[in-house]
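Visitor:
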Amino acid sequence: MTGLWFVCGRCGLEKTLRLAHALQNQNPDKVKVVVVYIGQPDAEFYQFWNSFGDLIFLRDPQLTVFERLNALYMPRLYLIAPDGTLRYLSPLAGHNWQSERWQEELERIRRLLGGGVNIVGGRGMTLIELLIVIAVIIVLAGLTYIAVMQARRRGHLAACISNLRQLTLAIHAYENDWGMVPIEYYHKTSEGEFGRVEQIIYPYVRDDAIFVCPADPYQGLSDIRGGRVTWKGKKWKMSYSYFTNELTVKMYNVTHPFPDMVLFYCKWHKIIDLIARYDGRIEIAPSGRYRSIGIVTEP
Ligand SMILES: [Zn+2]
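Position in the sequence shown counted from 1, then plus 6, gives you this note's numbering.
1) For residue 61, which of 32, 50, 23, 49 has the nearest alpha-carbon?
2) What do you get for residue 32, buried or exposed, if any count of 16 or more other CB atoms within 10 angstroms of its CB means buried?
3) Starting from residue 269, trace the beta strand (DSSP E) in both directions and tell me its first and last residue.
4) In three-state terms, what does DSSP make of residue 28?
5) Suppose you measure from the CA of residue 215 to the CA of residue 291; what does that come to, to the nearest Å?
6) Beta strand (DSSP E) containing residue 253: first to last residue?
7) Three-state secondary structure (DSSP) at residue 209?
8) Pair every Cβ in the stretch 217–226 with every Cβ in the stretch 251–260, then say whether three or more of these pairs are closer than 8 Å.
9) Which residues does DSSP pair with residue 292 in a beta bridge?
10) With a cut-off of 8 Å on the beta carbons, I'd call residue 176 and residue 210 a contact; round off their distance for me.
11) Would you tell me roughly how many angstroms separate the C-alpha atoms of residue 174 and residue 199, rounded to the nearest one?
12) So residue 199 is in the beta strand (DSSP E); what residue range does that whole segment cover?
13) Quick one, what's near ligand 1 if you take every residue whose CB is closer than 6 Å to any heavy atom, in chain order?
14) Rounding to the nearest angstrom, what Cα-Cα distance links residue 203 and residue 161 in this structure?
15) So, at 7 Å on beta carbons, what are the nonlocal neighbours of residue 54 in its own chain, with the 5 sequence-adjacent residues on each side left out?
16) Locate the alpha helix (DSSP H) running through residue 52, then write down its first and last residues.
17) From the DSSP output, which residues share a beta bridge with residue 171?
As C-alpha cells, this is what we get:
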C-alpha cells in the first residue's frame, strides 16, 4: 500500500513533517516516509532535510511525478494498492490544511481501517495490514511548481476561451435564423443519433476543433451522458457542457435567453471552470461551481 500525501509547501510544513516523522517513529519497521519536493528546492527544503535526517528526501524538479498525479487538488491523501487501485481518497481538498487537520484525517483513516470496512471498492483492510506495507510520500509543492503549471495551462486557457467565444457566436447565429436558441433533444434517426448541440450548430461552426478543449484529456470523446453520438458515419466530439434541453426549457423557458444565461462551460482546467454566458462574457470560476447547477444566473 502506498500513501500519497499531498501537502502545501507554504502552509505549516514543519508541523506536518513532525506528524509524518512521528508516524514513522511509532512504526519504525512498518512505515517509511519519503518526502518528494516538487520543483526546484529552496533553502527551506535543505533546512528540513537537515532537521529530519531519518526521513528520505527526493526531488522531482521536472514535475513528472506530479503531473500524472493531478496534484493540483492538494492537499489530499490517497491510498493506492499495489495493483494500482485507489483505496482511499480524502474527501476534503482545496484548502490549506494545518497539522491538526492532518492529524484528524489520519485518525479517520485509522478508524476506517480498524473497522475492516471497504475503503474505495475492493475488500477492507486492517490497520496492521496497512502499516506493514505503507510508504507515505509527502509532496511539497512550492510556488515554483504552481508557476510552471500555470504557464503550461495558459496556452490551453487561451484556446479554450477562443472556442467558447466562437460557440457563443454560433448560438447567436442559430437564434437569428430560427428565433430560438438550440434545444438538445437526443433521439435516434435512420442515420444515427441526433440532437446534441454540437450537431445542431455545426453548420454555423464548420470546424470540429472548436468543440474540443485542448485541456480535455479525452479530446471530446468522454461523456457522462453515455458516450458520444455517431451520426452520418461520424463520431461527434464535444468537450463542453451545454445546458439547454427539453427539461431546462420547461423549467426556465430558456428559448427566450437572458444576458446572464450560461450557454457552455468547460470543466477541464483542473482548478478552474470556464463559463460562457449568452451576452458573450467568458468567466472563470472555481472548479465544480457550475457542474450540477445547469442554467444559472448566479453562482
Ligand atoms: Zn477548456
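Cβ atoms here follow ideal geometry from the backbone N, Cα and C, with glycine treated the same way.
Computed from a prediction, not measured in an experiment: that's the story for all the values here.
Guide: Here's the rundown:
1) By 1-based counting over the sequence shown, the position of residue 61 is 55. Of the listed residues, the one whose Cα sits closest to residue 61 is 23.
2) By 1-based counting over the sequence shown, the position of residue 32 is 26. So residue 32 ends up on the exposed side.
3) Here residue 269 refers to the residue found at position 263 when the sequence shown is read from its first residue. Per DSSP, residue 269 belongs to the beta strand (DSSP E) from 268–275.
4) By 1-based counting over the sequence shown, the position of residue 28 is 22. Residue 28: helix per DSSP, three-state reduction.
5) For the purposes of this step, residue 215 is taken as residue 209 along the sequence shown, with counting starting at 1. For the purposes of this step, residue 291 is taken as residue 285 along the sequence shown, with counting starting at 1. Roughly 24 Å separates the two Cα atoms.
6) On the sequence shown, position 247 is the one that residue 253 refers to. Where residue 253 is concerned, there is no enclosing beta strand (DSSP E), although the alpha helix (DSSP H) it sits in stretches over 252–258.
7) Taking the first residue of the sequence shown as position 1, residue 209 is located at position 203. Looking at residue 209 - three-state DSSP - the assignment turns out to be helix.
8) no
9) In the sequence shown, residue 292 corresponds to position 286, counting from 1. Residue 292 is bridged to 278.
10) The sequence position of residue 176 within the sequence shown is 170, counting from 1. The sequence position of residue 210 within the sequence shown is 204, counting from 1. At roughly 4 Å, the Cβ-Cβ gap stays under 8 Å, so residue 176 and residue 210 are in contact.
11) Along the sequence shown, one-based indexing puts residue 174 at 168. Along the sequence shown, one-based indexing puts residue 199 at 193. Taking the straight line from one Cα to the other gives about 24 Å.
12) Locating residue 199 in the sequence shown gives position 193, where the first residue counts as 1. That run of the beta strand (DSSP E) goes 198–200.
13) 166, 219, 221, 272, 274, 275, 280
14) Position 197 of the sequence shown, counting from 1, holds the residue named residue 203. Position 155 of the sequence shown, counting from 1, holds the residue named residue 161. Going from the Cα of residue 203 to the Cα of residue 161 covers about 26 Å.
15) The residue labelled residue 54 in the question sits at position 48 within the sequence shown. Cβ within range, chain order: 23.
16) Against the sequence shown, residue 52 aligns to sequence position 46. 49–57 is the extent of the alpha helix (DSSP H) around residue 52.
17) In the sequence shown, the residue the question calls residue 171 occupies position 165. None; residue 171 has no bridge partner.
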